[in-house]
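Engineer: The structure is given below, and queries will be raised subsequently.
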Amino acid sequence: MAQERAKLDLNGTVVELPILDGVEGEKAIDISELRAKTSYITLDHGYANTGSCLSGVTFIDGEKGILRYRGIPIEELAVHSTFVETSYLLIHGKLPTQAERDEFSRALTKHAPLHEDVKHIFDGIPDETHPMAILSAMVSILSGFHPASLDPRQDEAQINENASQLLSKVRTIAAYIYKKSIGEPFIPPDDHLSYCANFLHMMFSKPKKDYPVDEDVVRALNLLLILHADHEQNCSTATVRLVGSSRTNLFASVAAGICALWGPWHGGANQEVMEMLERIHKSGKGVQEHIRVATDPKSPVRLSGFGHRVYKTYDPRAKVIKEACHRLVEKFGVHDPLLEIALKLEAAALKHEFFISRKLYPNVDFYSGIIYKLIGIPTNMFTVMFAIGRLPGWIAHWKEMRETKPPRIGRPRQIYIGNRKADYVDMKDRK
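According to numbering that gives the first Met the number 0, the sequence shown is numbered sequentially starting from 0.
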């Protein structure tokens with residue numbers, strides 16, 4: 000059967016372009032040869048309608064609220080998997096056998112400690128430095144301690160070794176960042192603890208007082224990290240792939256992704272949600288007043304945690320996190336006014352024509368901050384937590400990009416709208 004093709008009429012010249020079909024029925028017009036055939040390029044601000052690659056990592060259907068990692072629904076992973084197992088799934092393309100999972104876990108345990116020289120670097124960082132600035136710098140510096148990562152011809156075994164090093168050490172770095180921010184001594188990793196339990200140990204233990212690991216808290220952290228592990232070609236993932244396309248090493252490519260995630264429009268959204276809930280709580284004005292202000296076209300105020308570039312229905316991750324919020328609040332036996340406000344905001348918004356007509360629903364950021372708060376993670380560390388969770392997705396996409404044939408450096412085009420040819424003007428003649 001002949002491949003379906005699209006016809007593009009350019010001032011009487013008809014160009015035929017192949018139509019590609021994804022495994023879930025999505026279609027795309029392949030414009031790879033458009034410029035070579037016609038000298039035309041396409042313009043798509045923000046790449047909202049442009050596919051930059053063929054990928055087998057994550058599938059999203061924004062209209063139906065579907066999210067799958069390597070074909071497995073996120074709801075199933077949230078119930079049955081752990082962050083370590085989900086990381087293996089994303090990075091290696093399949094669920095691990097018992098032997099593979101054990102070997103992967105041993106590698107993560109082995110690589111958890113930081114080189115003493117890495118620790119010394121922390122001493123020279125100003126106290127006011129943002130945690131994401133420290134995280135991106137430290138991840139990039141790791142390449143110096145693992146020089147084999149700098150070889151663009153490294154084999155798969157070496158790449159997998161670097162992936163384990165990065166996935167393990169990023170939680171240690173994050174815990175060190177937190178300890179430095181509160182003036183407490185660093186707590187070394189404990190080889191006997193699981194990935195998430197070890198992170199909580201390094202975050203909250205003190206020199207003479209170990210953090211009492213609570214399995215329900217560990218489960219909640221696993222859940223949040225799983226739900227953040229990948230989300231197709233978002234800003235930070237696209238950054239990792241683009242930077243990596245120049246054959247930049249894994250550590251530096253991920254450091255670039257961390258910088259992209261740092262932006263408040265990407266990774267900082269859950270922090271904005273918590274700040275919004277705090278403002279509503281302190282103001283005493285109630286939910287309806289905030290909805291009124293947020294829907295006023297003249298107001299700069301918006302309802303943080305609502306709406307998504309991809310999802311036009313309820314974010315499937317938000318559903319899972321909302322349920323986890325209730326479980327954790329019930330376990331701790333506390334009344335959380337911020338959760339109460341969030342639930343009232345959601346109920347009011349889902350009945351309001353402003354949000355209904357625009358298909359604005361709660362996204363992953365709306366409830367995640369509440370769980371982090373219950374666990375004890377401070378607000379300024381929320382985006383760092385996002386980075387830890389997103390790391391396996393970045394690694395998976397970086398690997399997939401490297402394996403794409405033929406290899407090609409990412410190089411977007413532009414439509415130039417600046418000055419036409421101009422003459423150089425001497426200083427004395429400038430106005």
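Note that beta-carbon positions come from the ideal geometry of N, C-alpha and C, so glycine has one too.
By the 10 Å Cβ neighbour count, where 16 or more other Cβ atoms means buried, how is Met0 classified, buried or exposed?
Structural biologist: Because the pLDDT of Met0 is 42, which lies under 50, any placement of that residue in the model is unreliable, and the number read from its coordinates should be weighed accordingly. It counts as exposed.
Engineer: Tell me the DSSP bridge mates of Tyr68?
Structural biologist: Its beta-bridge partners are Thr57 and Ile71.
Engineer: Could you spell out the range, first to last residue, of the beta strand (DSSP E) harbouring Leu9?
Structural biologist: Per DSSP, Leu9 belongs to the beta strand (DSSP E) from Arg4 to Leu9.
Engineer: Considering only the beta carbon of each residue, do Leu19 and Ala27 sit closer than 8 Å?
Structural biologist: Their beta carbons are under 8 Å apart, which means Leu19 touches Ala27 by this criterion.
Engineer: Give the straight-line distance between the Cα atoms of Tyr423 and Arg412, rounded to the nearest whole angstrom.
Structural biologist: Going by the C-alpha atoms only, they are around 27 Å apart.
Engineer: With distances taken between CB atoms, is the gap from Leu66 to Pro296 smaller than 8 Å?
Structural biologist: Cβ atoms of Leu66 and Pro296: not closer than 8 Å.
Engineer: Going straight from the alpha carbon of His515 to that of Arg357, what length do you get?
Structural biologist: No information on residue 515 is available, as it lies outside the stretch 0 to 430 that the chain covers here.
Engineer: Figure out for me which residue from Ala106, Thr85, Tyr310 and Ala173 has the closest Cα to the Cα of Glu62.
Structural biologist: The residue with the shortest Cα to Cα distance from Glu62 is Tyr310.
Engineer: Hey, out of Ala255, Gly332, Glu3 and Gly304, whose CA is closest to Ala132's CA?
Structural biologist: Answer by Cα proximity: Ala255.
Engineer: Taking the alpha-carbon of Tyr194 as reference, which of Tyr177, Leu141 and Ser163 has the nearest alpha-carbon?
Structural biologist: That would be Ser163, whose Cα lies nearest to the Cα of Tyr194.
Engineer: Is Thr81 closer than 8 Å to His230 when the C-beta atoms are compared?
Structural biologist: Against a cut-off of 8 Å, the Cβ pair of Thr81 and His230 comes out as no contact.
Engineer: So the beta strand (DSSP E) Ile18 belongs to, where does it begin and stop?
Structural biologist: It spans Thr12 to Asp20 - the beta strand (DSSP E) in which Ile18 sits, taken as one unbroken run.
Engineer: How many angstroms separate the CA atom of Leu223 from the CA atom of Tyr313?
Structural biologist: Those two C-alpha atoms are separated by around 17 Å.
Engineer: Does the structure place the segment 315-332 close enough to the segment 364-374 that three or more beta carbon pairs sit under 8 Å?
Structural biologist: Yes, they touch.
Engineer: With burial defined as no fewer than 16 other Cβ atoms inside 10 Å of the residue's Cβ, what is the status of Ser31: buried or exposed?
Structural biologist: Exposed, by the Cβ-count rule.
Engineer: Could you give the DSSP three-state label for Ile290: helix, strand or coil?
Structural biologist: DSSP places Ile290 in helix when its eight states are reduced to three.
Engineer: Would DSSP call Ala27 helix, strand or coil?
Structural biologist: Here Ala27 sits in strand by DSSP.
Engineer: Excluding the 5 residues preceding and the 5 following Pro391 in the sequence, name in chain order all residues of the same chain whose CB lies nearer than 6 Å to its CB.
Structural biologist: So the qualifying residues of the chain are Ser86, Leu89, Ile90 and Ala228.
Engineer: I'd like the span of the alpha helix (DSSP H) that includes Asn161, first residue to last.
Structural biologist: Unbroken alpha helix (DSSP H) run through Asn161: Glu155 to Ser180.
Engineer: Which of helix, strand or coil does DSSP assign to Pro361?
Structural biologist: Strand.
Engineer: Look up Lys118 in the DSSP assignment and say whether it is helix, strand or coil.
Structural biologist: Lys118: helix per DSSP, three-state reduction.
Engineer: I'd like the list of long-range same chain contacts for Ile395, defined as Cβ closer than 7 Å, with 5 residues on each side in sequence excluded.
Structural biologist: According to the sequence as given, residue 395 is Ala; it is not Ile. Only Val56, Leu89, Ile90 and Asp229 meet the Cβ criterion.
Engineer: Considering Val333, what are the terminal residues of the alpha helix (DSSP H) in which it resides?
Structural biologist: From DSSP, Val333 is part of no alpha helix (DSSP H); its letter is neither H nor E.
Engineer: DSSP state of Lys427, grouped into three classes?
Structural biologist: Here Lys427 sits in helix by DSSP.
Engineer: Please identify the residue among Trp264, Glu3, Arg429 and Ile387 whose C-alpha is closest to the C-alpha of Ile172.
Structural biologist: Here the closest residue by C-alpha is Ile387.
Engineer: Which ranges would you report for the alpha helix (DSSP H) in the segment 183-214 if only whole runs of at least 4 residues count?
Structural biologist: Listed in chain order, they are 194-203.
Engineer: Work out the CA separation of Leu260 and Ile186 for me, nearest whole Å.
Structural biologist: Their Cα atoms are separated by approximately 27 Å.
Engineer: Is it buried or exposed for Gln270, if we count other Cβ within 10 angstroms and need 16 for buried?
Structural biologist: Burial call: buried.
Engineer: Given this structure, state the Cα-to-Cα distance separating Asp122 from Asp116, to the nearest angstrom.
Structural biologist: Their backbone Cα atoms lie some 10 Å apart in a straight line.
Engineer: In terms of alpha-carbon separation, which member of Arg152, Phe103, Ile257 and Val272 lies closest to Arg401?
Structural biologist: Closest option to Arg401, Cα to Cα, is Arg152.
Engineer: Run the CB neighbour count on Ser135, radius 10 Å, all protein chains shown included, and call it buried at 16 or more, exposed below.
Structural biologist: Classification of Ser135: buried, given that the 10 Å Cβ count is 16 or more.
Engineer: Figure out for me which residue from Leu338, Asn248, Ile340 and Lys36 has the closest Cα to the Cα of His145.
Structural biologist: Nearest C-alpha to His145: Asn248.
Engineer: Use the C-beta contact count for Gly304: other C-beta atoms within 10 angstroms, 16 or more gives buried, fewer gives exposed.
Structural biologist: Label assigned to Gly304: buried.
Engineer: Would Asn379 and Ala317 be called neighbours here (beta carbons separated by less than 8 Å)?
Structural biologist: Cβ distance not < 8 Å, so Asn379 and Ala317 don't count as in contact.
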